[in-house]
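Presented below is the structure to which this report refers.
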Amino acid sequence: MRDMSFQRARTDEQRGERRRQILATAAAMLIEVPVADLTLTALSRRVCLAKANVLRYFESREAVLLALLEAEIADWIADLEPVAASNGSVRERGDRLAELLATSLARRPVLCDLISAQATVLERNISAETALQHKRAVHGHLGMLVRLAGRHLPELGDEDAAALMQTVMLVAVAAWPGSRPPQAVLDAYAADPALAVMCVDFTEVVRRAVEVTASGLLARES
3 MRDMSFQRAR TDEQRGERRR QILATAAAML IEVPVADLTL TALSRRVCLA
53 KANVLRYFES REAVLLALLE AEIADWIADL EPVAASNGSV RERGDRLAEL
103 LATSLARRPV LCDLISAQAT VLERNISAET ALQHKRAVHG HLGMLVRLAG
153 RHLPELGDED AAALMQTVML VAVAAWPGSR PPQAVLDAYA ADPALAVMCV
203 DFTEVVRRAV EVTASGLLAR ES
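Shown next, in the form of structure tokens:
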């Protein structure tokens with residue numbers, strides 16, 4: 003691949019394209035390695051830029067990954083938006099929403115990996131300006147998710163729909179790493195099958211969390 007370090011982006015369009023190239027490369031790398039193993043050095047090599055040139059567009063590795071997280075959430079929402087609200091009882095619609103959210107998240111391992119590392123890793127080496135931009139972007143995405151939940155379960159109202167979606171994201175944060183145990187833990191499960199009950203099924207945990215949370219929120223309003 004040609005070294006792009008000798009082709010400085012001079013226009014806003016060129017700088018935007020360079021940012022997109024960096025983000026696309028990071029996304030491809032996260033299919034191969036977890037967030038913890040993606041280094042700025044490896045990313046710069048893969049995108050054929052000097053590390054200093056990557057830092058022209060993002061202030062740190064964490065800033066790259068936060069921007070990628072924002073893009074991944076936007077893509078997830080874009081996939082959810084065309085899904086029509088179903089008919090049926092409140093419980094039936096709630097269960098179908100739970101299935102939709104759980105299965106769609108499970109199909110997006112890069113998004114789940116980034117979400118699970120957001121608070122503990124990705125927000126630890128950024129400026130206040132980057133944090134502000136990121137939180138504003140996430141807040142906007144949350145608003146879209148709230149409206150989506152309300153379309154499927156209008157009985158919730160905005161406040162409870164927001165509580166539901168916040169619960170979904172928090173459960174995903176905990177369930178994703180739990181569903182990807184290291185080899186030593188897998189070996190322990192294999193050695194003692196009785197311990198396998200501790201293995202986390204990501205899709206099932208998220209689905210059940212949405213079902214129970216939605217039911218509980220609706221019951222409080224009745």
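With the numbering used here applied, the sequence shown covers 3 to 224. A virtual CB, placed ideally from N, CA and C, is assigned to each residue, including glycine.
- Residue 105 has its alpha-carbon roughly 16 Å from the corresponding atom of residue 176.
- Around the beta carbon of residue 75, a 10 Å sphere encloses 16 or more other beta carbons of the protein chains shown; the residue is thus reported as buried.
- By the CB criterion at 7 Å, residue 42 and residue 53 fall inside the cutoff.
- Residue 146 has its alpha-carbon roughly 36 Å from the corresponding atom of residue 199.
- With contact defined as three or more Cβ pairs closer than 8 Å, the stretch 76–87 and the stretch 179–199 are not in contact.
- In terms of Cα proximity to residue 207, the closest of 169, 186, 187 and 144 is 169.
- In this model, residue 88 and residue 109 are separated by some 21 Å (Cα to Cα).
- For the pair of segments examined, the stretch 17–33 was found not to touch the stretch 87–102: the number of CB pairs separated by less than 8 Å stays below three.
- Counting along the chain, residue 185 sits inside the alpha helix (DSSP H) bounded by residues 185–193.
- Runs of the alpha helix (DSSP H) spanning 4 or more residues and lying entirely within the stretch 29–116 occur at 42–49, 53–56, 63–82 and 92–108, in chain order.
- By the neighbour-count criterion, in which 16 or more other beta carbons inside 10 Å mark a residue as buried, residue 28 falls on the buried side.
- The DSSP-derived three-state label of residue 24 is helix.
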